[in-house]
Amino acid sequence: QQQVKQSPQSLIVQKGGISIINCAYENTAFDYFPWYQQFPGKGPALLIAIRPDVSEKKEGRFTISFNKSAKQFSLHIMDSQPGDSATYFCAVSGGYQKVTFGIGTKLQVIP
Amino acid sequence: NAGVTQTPKFQVLKTGQSMTLQCAQDMNHEYMSWYRQDPGMGLRLIHYSVGAGITDQGEVPNGYNVSRSTTEDFPLRLLSAAPSQTSVYFCASRDGATNEKLFFGSGTQLSVL
Numbered sequence: 001q002q003q004v005k006q007s008p009q010s011l012i013v014q015k016g017g018i019s020i021i022n023c024a025y026e027n028t029a030f031d032y033f034p035w036y037q038q039f040p041g042k043g044p045a046l047l048i049a050i051r052p053d054v055s056e057k058k059e060g061r062f063t064i065s066f067n068k069s070a071k072q073f074s075l076h077i078m079d080s081q082p083g084d085s086a087t088y089f090c091a092v093s094g095g096y097q098k099v100t101f102g103i104g105t106k107l108q109v110i111p
Numbered sequence: 112n113a114g115v116t117q118t119p120k121f122q123v124l125k126t127g128q129s130m131t132l133q134c135a136q137d138m139n140h141e142y143m144s145w146y147r148q149d150p151g152m153g154l155r156l157i158h159y160s161v162g163a164g165i166t167d168q169g170e171v172p173n174g175y176n177v178s179r180s181t182t183e184d185f186p187l188r189l190l191s192a193a194p195s196q197t198s199v200y201f202c203a204s205r206d207g208a209t210n211e212k213l214f215f216g217s218g219t220q221l222s223v224l
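In order, the protein sequence lines correspond to chains A and B. Just so we're aligned, residue 1 is where the first sequence starts under this note's numbering, counting upward by one. Just so we're aligned, residue 112 is where the second sequence starts under this note's numbering, counting upward by one.
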């Protein structure tokens, strides 16, 4: 059973545009919802994360929107830049629970 | 402070061979885990550990063994390599229940012929 469903699998955005990646989860026991960014040949690195007590968290050009009732959360990248081209993973976890990842979204920002 | 260190970076095996992927962290993290990354499959959890002497299975544990004799090290053993185990393997650690940020190593690219 897939605990977190991520879409789309690939995304092409023009420079300056908004990139949006979505994730949906099943288990309401999760209480930590991070997004990881991975560049080719590197390990993933934490980009931004949210807990379910807030509906939105913003860090620079990156924003997480969280909808607890719909069990969905999304990553918005404003003013997308070519340097943002990477693979993005959403994940779910809680306390000492294992961390489960989505299948990833390969983002390409074209000039 | 090196973070999470994985060795080797690349490895080619023949079907049936065994090997150990090494993972070490110098952050005194209690939680350590192994993932494999395959195209279109994302990061799938193989095994994880919440402290020395404690391990548990993830989503795809078959064909892999782990042990955790120290806080710092969490090796992953392939008992009898199969072509289906061709993948990129990542080790990751985190502080514990209160700090859920995962720190990843740089990965091991494994090919089984």
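All residues carry an ideal CB built from backbone N, CA and C; glycine is no exception. Quick caveat, the model's predicted, so the values are computed rather than measured.
Nearest to residue i (by Cα), restricted to the options the options
i: Val199(B); options: Glu26(A), Val54(A) and Pro40(A); result: Pro40(A)
i: Ser178(B); options: Thr197(B), Tyr142(B), Asp149(B) and Gly207(B); result: Tyr142(B)
i: Lys68(A); options: Ala45(A), Gly17(A), Ile18(A) and Thr28(A); result: Thr28(A)
i: Thr166(B); options: Thr126(B), Gly127(B), Met130(B) and Trp145(B); result: Trp145(B)
i: Asn176(B); options: Ser129(B), Val123(B), Lys125(B) and Leu224(B); result: Ser129(B)
i: Asp149(B); options: Cys202(B), Gln196(B) and Asp206(B); result: Gln196(B)
i: Val223(B); options: Leu213(B), Cys202(B) and Pro194(B); result: Pro194(B)
i: Glu211(B); options: Tyr25(A), Phe30(A), Gln108(A) and Thr87(A); result: Phe30(A)
i: Val123(B); options: Asp206(B), Gly169(B), Ala192(B) and Gly207(B); result: Ala192(B)
i: Pro82(A); options: Gly60(A), Val54(A), Leu107(A) and Glu59(A); result: Leu107(A)
i: Ile103(A); options: Phe215(B), Asp137(B) and Arg147(B); result: Arg147(B)
Same chain, Cβ closer than 6 Å to residue i, five either side skipped, listed in chain order
i: Asp184(B); result: Ala135
i: Glu56(A); result: Ser65
i: Ile21(A); result: Leu75, Tyr88 and Thr105
i: Gly17(A); result: Ser80
Cβ-Cβ separation, residue j to residue i (assumed contact under 8 Å), whole Å
i: Ser204(B); j: Val115(B); result: 6 Å
i: Leu187(B); j: Ile157(B); result: 7 Å
8 Å Cβ shell around residue i - same chain, five flanking residues per side excluded
i: Thr100(A); result: Gln3, Val4, Ala91, Val92 and Ser93
i: Ala49(A); result: Tyr32, Phe33, Pro34, Trp35, Lys57 and Ile64
i: Pro120(B); result: One point to set straight first is that residue 120(B) is Lys, not Pro, in the sequence displayed. Result list for Lys120(B): Ser217, Gly218, Thr219 and Gln220, in chain order.
i: Thr182(B); result: Asn139, His140, Glu141, Gly162 and Ala163
i: Ala71(A); result: Reading the sequence as shown, one finds Lys at residue 71(A) and not Ala. Here the set comprises Ala24, Tyr25, Glu26 and Thr28.
C-alpha gap between residue i and residue j, whole angstroms
i: Leu132(B); j: Gly43(A); result: 16 Å
i: Gln97(A); j: Met152(B); result: 21 Å
i: Pro52(A); j: Met78(A); result: 22 Å
i: Gln14(A); j: Phe73(A); result: 23 Å
i: Gln38(A); j: Gly127(B); result: 32 Å
i: Phe201(B); j: Ala45(A); result: 12 Å
i: Glu26(A); j: His76(A); result: 21 Å
i: Tyr159(B); j: Asp206(B); result: 13 Å
Min CB distance residue i to chain E below 7 Å
i: Tyr25(A); result: As a matter of chain content, chain E is missing from the structure shown, whose protein chains are A and B.
Contact set for residue i: own chain, Cβ-Cβ below 7 Å, skip 5 residues either direction
i: Pro168(A); result: Look at the range of chain A in this structure, 1 to 111, and you will see that residue 168(A) is not part of it.
i: Ile110(A); result: Ile12, Gln14 and Lys15
i: Glu170(B); result: Arg155 and Leu156
i: Ala86(A); result: Gln37, Gln38, Phe39 and Leu107
Chain A residues whose Cβ lies nearer than 7 Å to that of residue i
i: Met152(B); result: Ile103
i: Ser217(B); result: Lys42 and Gly43
i: Leu221(B); result: Under the 7 Å cutoff, chain A gives no residues; its nearest Cβ is about 15 Å from Leu221(B).
i: Phe201(B); result: Gly43
Partner residues on chain B for residue i, Cβ-Cβ distance less than 7 Å
i: Tyr88(A); result: Those within 7 Å of Tyr88(A) in chain B number zero; the least Cβ separation is about 11 Å.
Within chain A, the residues that residue i reaches when beta carbons sit closer than 8 Å
i: Tyr175(B); result: Here the premise fails: no neighbours, minimum Cβ distance about 15 Å.
Amino acids of chain A, ordered along the chain, whose beta-carbon sits closer than 9 Å to that of residue i
i: Lys212(B); result: Pro34, Leu46 and Ala49
Proximal residues of chain B, C-beta to C-beta of residue i below 8 Å
i: Lys98(A); result: Ser144, Leu156, Tyr159, Asp167 and Gly169
i: Ser93(A); result: Glu211
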